[in-house]
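Peer 1: Mind looking over this structure? Questions follow.
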Amino acid sequence: MFIRFFMARFLTALAVVFGVVCLVFFLLHLVPGDPVEVMLGESARPADRAALQQALGLDQPVHVQFIRYMANLSQFDLGISFYSKRPVRDLLLERLPATVELGTAALLVALLMAVPLGMLAAVKKGTAWDAGATGVALFGVSIPNFWMGPMLILVGALWLGWFPVSGREGIASLVLPALTLGTALAAILSRMIRSALLEVLNEDFMRTARGKGLAERTVILRHGLRNALLPVITLLGLQLGALLSGAVITETVFSWPGIGSLVVEAIHRRDYPVVQATVLCISTSYVALNVLTDFVYAWIDPRVRLGSQR
Amino acid sequence: MMRIRLPLGVILLWALVALLAPVLPLSPNAIDLPHILAPGSLNEWLGYDDLGRPVFDRLLVGGRTSFLVAFAVVGISLVIGSLLGTVGAYAGGWLDLVLVRVMDVFLAFPGILLAIALAGVMGPGIDNVVIALSAVSWVGYARLARAQVLSMKERDHVHAAVATGTPPTRIITRHVLPLIGAPLIVEASFGMASVVIGEAGLSFLGLGVQPPSASWGSMIRDGARYMLVAPHMVVAPGAALMAVVLAINVLGDHLRDWLDVKSQTLKDRGSKSPLP
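So the sequences go chain by chain: A and B.
Numbering-wise, the first sequence is residues 12 to 321 according to the numbering used here.
Numbering-wise, the second sequence is residues 353 to 628 according to the numbering used here.
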């Protein structure tokens with residue numbers, strides 16, 4: 012049963028990735044007018060224009076271009092950067108660790124903030140604590156990354172001098188970007204944990220746990236939170252996507268050398284192969300994360316994978 | 353009541369500023385060289401920016417930008433999304449299948465990544481910002497409308513309409529759309545908040561409105577360079593942006609509760625609830 016669930020989910024994801032590849036391919040063809048002219052400027056010589064057109068394969072009919080693109084992609088050949096003249100794949104691999112590092116740190120920050128906040132709000136439902144946690148969460152989702160980042164730089168780096176303004180050198184430089192990226196996720200997560208925990212708190216097994224004389228702390232942590240985290244995991248997978256797109260802005264704010272700042276740099280330099288490849292890389296990782304979440308969820312909760320039997 | 357009055361006031365102020373900005377005596381692009389980076393004073397509340405332009409005037413004009421973009425994007429994507437979702441769900445078959453697959457592909461781009469790529473490739477400008485953000489936003493409405501229509505199709509009154517030979521377009525406009533309006537409006541109200549952030553985000557990345565036009569996002573971008581000497585350049589537009597987004601979110605919550613409450617009272621009265 013699990014294998015069938017696995018295969019079905021995997022095939023759907025493959026179809027989606029194929030769609031994404033198509034859309035990203037046509038992105039370049041969306042450039043108004045001639046992409047070559049946009050890249051070289053209007054004053055370019057006709058010879059240069061023709062040379063670039065040929066180098067890009069843009070002199071071929073669209074279907075030939077598409078087949079060539081797919082063939083290259085299947086060998087992980089993502090083309091050559093216009094700007095640095097290096098293979099795009101190498102650029103991506105260079106930048107990937109920084110983004111993974113930032114994303115992991117932000118996820119950690121989000122969990123550290125959201126779990127206590129969500130638990131507090133659920134356990135003390137209807138009190139000032141709950142209202143306070145709701146307020147904090149509302150602020151968290153309403154502060155855009157590109158404002159929170161500069162404000163944290165102002166306070167944490169310029170006034171207090173505790174952290175570097177930007178760049179990626181040492182653990183101290185990770186703090187402000189991770190806080191910036193993690194806050195919005197923390198806000199959303201804390202709301203999910205609150206509602207999931209509230210549902211669990213009314214379950215019979217919670218009364219049983221209390222009835223057999225367990226400490227309230229153990230009841231909440233061992234019996235409540237554990238069960239409440241199940242639905243949170245699914246939603247967390249979807250939210251990781253928001254983290255990826257948030258990384259684009261956060262990395263730009265802090266000059267963090269990851270995939271996100273690479274895509275913005277590439278857009279400004281009109282380095283289209285790099286734009287295509289980064290967008291493709293981010294969205295396929297998002298699809299992969301979603302599939303992974305489904306599997307993890309099915310693995311922990313047998314009701315999901317056995318659902319089709321009922 | 354206070355909890356709804358304050359956000360309502362913020363939104364009304366935002367709308368008023370946006371609509372009146374062209375007739376107000378503002379000079380967002382007037383350069384006053386002696387006052388470059390000057391902080392707020394009694395004459396000029398919010399001070400001047402790096403080119404000696406008044407931050408307050410630019411803030412108001414930037415508010416107009418975000419208001420216009422938000423309304424355009426939410427309007428366009430609401431119409432296109434609910435139309436596609438409704439038609440797909442009602443028609444079913446291959447049309448619905450194609451729609452679902454296309455939605456899956458659009459949903460595979462996290463957040464505003466697709467908008468960033470589109471705006472980047474199409475080039476900056478407010479029109480392209482509207483197109484890019486609409487291309488991302490329509491999916492949410494399409495998905496919601498589709499789900500709503502699917503459940504609505506099985507309702508008795510729709511079956512009755514089909515049985516009496518009512519043409520599909522009339523069933524959709526008269527018997528389906530009026531009943532799925534409420535959740536779509538709630539979705540649209542939250543959509544406003546994400547479009548406001550999206551526009552400011554694109555402008556922050558330099559992919560939105562072009563200088564010298566003002567946007568809260570580009571004001572934050574310009575100000576970030578002078579943060580130590582002129583923090584007011586970043587604080588002012590960011591605070592305005594956050595106030596608007598916060599107000600929209602609070603109002604959206606109220607709207608959702610209010611629409612749910614309404615269906616509750618109808619149920620209590622014993623009549624059939626129009627809402628799921």
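Even for Gly, the Cβ is constructed at its ideal location relative to N, Cα and C.
Taking Cβ-Cβ distances shorter than 9 Å, what residues in chain B pair up with T304(A)?
Peer 2: On the first sequence, position 293 is the one that residue 304(A) refers to. None at all; the shortest Cβ gap to chain B is about 13 Å.
Peer 1: Would a check of beta-carbon distances place N238(A) closer than 9 Å to chain B?
Peer 2: For this step, residue 238(A) is matched to residue 227 along the first sequence. Not an interface residue.
Peer 1: Would you identify the three-state DSSP class for I14(A), choosing helix, strand or coil?
Peer 2: Against the first sequence, residue 14(A) aligns to sequence position 3. DSSP places I14(A) in helix when its eight states are reduced to three.
Peer 1: For P589(B) and R453(B), I'd like the C-alpha separation in whole angstroms.
Peer 2: The sequence position of residue 589(B) within the second sequence is 237, counting from 1. The sequence position of residue 453(B) within the second sequence is 101, counting from 1. Rounded to whole angstroms, P589(B) to R453(B) spans 39 Å at the Cα level.
Peer 1: Once DSSP output is grouped into helix, strand and coil, what is the label at Y80(A)?
Peer 2: Numbered from 1 along the first sequence, position 69 holds the residue referred to as residue 80(A). Correct three-state label for Y80(A): helix.
Peer 1: When Cβ atoms are compared, which residues of the stretch 435-459 of chain B fall closer than 9 Å to chain D?
Peer 2: Among the protein chains in the structure shown, which are A and B, there is no chain D.
Peer 1: Output, in sequence order along the chain, the residues in the stretch 128-160 of chain A whose CB is closer than 9 Å to any CB in chain B.
Peer 2: Residues passing the 9 Å Cβ filter: L149, F150, V152, S153, I154, P155, N156, F157, W158, M159, G160.
Peer 1: Let me know the alpha helix (DSSP H) ranges lying completely inside the stretch 231-260 of chain A, each 4 residues or longer, listed in chain order.
Peer 2: Here no run is fully enclosed.
Peer 1: Does the beta-carbon of N395(B) have 16 or more other beta-carbons within 10 angstroms, so that it is buried, or is it exposed?
Peer 2: Position 43 of the second sequence, counted from the start, is the residue given in the question as residue 395(B). Exposed, since its Cβ has fewer than 16 Cβ neighbours within 10 Å.
Peer 1: Could you spell out where the alpha helix (DSSP H) holding W568(B) opens and where it closes?
Peer 2: Along the second sequence, read from residue 1 onward, the residue named residue 568(B) stands at position 216. 568-576 is the extent of the alpha helix (DSSP H) around W568(B).
Peer 1: For R51(A), which residues from the same chain have a beta carbon less than 7 Å from its beta carbon, with the 5 sequence-adjacent residues on both sides left out?
Peer 2: If you number the first sequence from 1, residue 51(A) lands on position 40. Correcting the residue identity first, residue 51(A) is Leu in this sequence and not Arg. Within the same chain, L51(A) has close Cβ partners D59, R60, L63.
Peer 1: For P406(B), list the residues DSSP reports as bridge partners.
Peer 2: Looking up residue 406(B) in the second sequence gives position 54. Answer is Y400(B), bridged to P406(B).
Peer 1: Just grab the DSSP bridge partners of P98(A) for me.
Peer 2: For this step, residue 98(A) is matched to residue 87 along the first sequence. Partner(s): I91(A).
Peer 1: Exposed or buried, what is H584(B) when buried is set at 16 or more other beta-carbons lying within 10 Å of its beta-carbon?
Peer 2: Taking the first residue of the second sequence as 1, we reach residue 584(B) at position 232. Burial call: buried.
Peer 1: Taking its Cβ as the centre, do 16 or more other Cβ atoms sit within 10 Å of T138(A), making it buried, or is it exposed?
Peer 2: On the first sequence, residue 138(A) is found 127 positions in, with the first residue counted as 1. Under this definition T138(A) is an exposed residue.
Peer 1: Between L89(A) and V99(A), which are expected to be in contact by the criterion C-beta below 8 Å, what is the C-beta distance as a whole number of angstroms?
Peer 2: Taking the first residue of the first sequence as position 1, residue 89(A) is located at position 78. Taking the first residue of the first sequence as position 1, residue 99(A) is located at position 88. 4 Å between Cβ atoms; contact.
Peer 1: Counting only beta-carbon atoms, is P583(B) nearer than 9 Å to chain A?
Peer 2: The count along the second sequence starts at 1 and reaches residue 583(B) at position 231. So yes, P583(B) belongs to the interface.
Peer 1: Just how far apart, CA to CA, sit G193(A) and L118(A)?
Peer 2: The sequence position of residue 193(A) within the first sequence is 182, counting from 1. The sequence position of residue 118(A) within the first sequence is 107, counting from 1. Those two C-alpha atoms are separated by around 6 Å.
Peer 1: Taking 9 Å as the threshold (C-beta atoms), are L113(A) and E276(A) in contact?
Peer 2: Here residue 276(A) refers to the residue found at position 265 of the first sequence. Here residue 113(A) refers to the residue found at position 102 of the first sequence. Their beta carbons are not under 9 Å apart, which means E276(A) does not touch L113(A) by this criterion.
Peer 1: Quick check on L371(B): does DSSP put it in helix, strand or coil?
Peer 2: Taking the second sequence and counting its residues from 1, the one referred to as residue 371(B) is at position 19. DSSP places L371(B) in helix when its eight states are reduced to three.
Peer 1: Examine chain B for any beta-carbon lying closer than 9 Å to the beta-carbon of I260(A), and answer yes or no.
Peer 2: Here residue 260(A) corresponds to residue number 249 of the first sequence, with the count starting at 1. With 9 Å as the cut-off, I260(A) counts as an interface residue toward chain B.
Peer 1: What residue range is occupied by the uninterrupted alpha helix (DSSP H) comprising I278(A)?
Peer 2: If you number the first sequence from 1, residue 278(A) lands on position 267. 270-279 is the extent of the alpha helix (DSSP H) around I278(A).
Peer 1: Helix or strand or just coil, what does DSSP make of R608(B)?
Peer 2: As a working note, residue 608(B) is residue 256 in the second sequence. Three-state DSSP puts R608(B) in a helix.
Peer 1: Please identify the residue among L208(A), A168(A), T295(A), V302(A) whose C-alpha is closest to the C-alpha of T245(A).
Peer 2: For the purposes of this step, residue 245(A) is taken as residue 234 along the first sequence, with counting starting at 1. With distances taken between Cα atoms, T245(A) lies closest to V302(A).
Peer 1: Secondary structure at P155(A), three-state DSSP: helix, strand or coil?
Peer 2: As a position in the first sequence, residue 155(A) is number 144, starting the count at 1. Correct three-state label for P155(A): coil.
Peer 1: Distance, Cα to Cα, R233(A) vs L502(B)?
Peer 2: Taking the first residue of the first sequence as position 1, residue 233(A) is located at position 222. Taking the first residue of the second sequence as position 1, residue 502(B) is located at position 150. Their Cα atoms are separated by approximately 40 Å.
Peer 1: Cβ of G560(B) less than 9 Å from any chain A Cβ?
Peer 2: Translated into positions along the second sequence, residue 560(B) becomes position 208. Not closer than 9 Å to any Cβ of chain A, the Cβ of G560(B) fails to qualify, so no.
Peer 1: Determine, using beta carbons only, whether A370(B) and R405(B) come nearer to each other than 9 Å.
Peer 2: For the purposes of this step, residue 370(B) is identified with residue 18 of the second sequence, where counting begins at 1. For the purposes of this step, residue 405(B) is identified with residue 53 of the second sequence, where counting begins at 1. No.
Peer 1: What residues in the stretch 77-107 of chain A bring their beta carbon closer than 7 Å to a beta carbon of chain B?
Peer 2: From the stretch 77-107 of chain A, no residue has a Cβ closer than 7 Å to chain B.
Peer 1: Looking at C-alpha atoms only, which residue of F408(B), G492(B), P563(B) is the closest neighbour of L451(B)?
Peer 2: Position 99 of the second sequence holds residue 451(B). Ranking F408(B), G492(B), P563(B) by Cα distance to L451(B) puts G492(B) first.
Peer 1: Looking only at its own chain, which residues have a Cβ that is under 6 Å from the Cβ of F174(A), when we skip the five neighbours before and after it?
Peer 2: The residue labelled residue 174(A) in the question sits at position 163 within the first sequence. Cβ neighbours of F174(A) beyond the five flanking positions: G167, A168, A183, V186, L187.
Peer 1: Thinking C-alpha only, which one of Y80(A), S85(A), A109(A) is nearest G269(A)?
Peer 2: If you number the first sequence from 1, residue 269(A) lands on position 258. The candidate whose alpha carbon is nearest that of G269(A) is A109(A).
Peer 1: Are there 16 or more other CB atoms within 10 angstroms of the CB of S54(A), so buried, or fewer, so exposed?
Peer 2: As a first step, residue 54(A) is located in the first sequence; it is residue number 43 there, counting from the start. Exposed, by the Cβ-count rule.
Peer 1: Evaluate contact between the stretch 465-476 of chain B and the stretch 437-445 of chain B, counting only Cβ atoms and requiring at least three cross-stretch pairs below 8 Å.
Peer 2: Segments in contact, no.
Peer 1: Quick check: L208(A) and V134(A), are their CB atoms within less than 9 Å of each other?
Peer 2: Here residue 208(A) refers to the residue found at position 197 of the first sequence. Here residue 134(A) refers to the residue found at position 123 of the first sequence. In contact: L208(A) and V134(A) (Cβ atoms closer than 9 Å).
Peer 1: Strictly below 9 Å CB to CB, what residues from chain B border T263(A)?
Peer 2: Start at 1 with the first residue of the first sequence, and residue 263(A) comes out as number 252. Chain B residues near T263(A): F556, L557.
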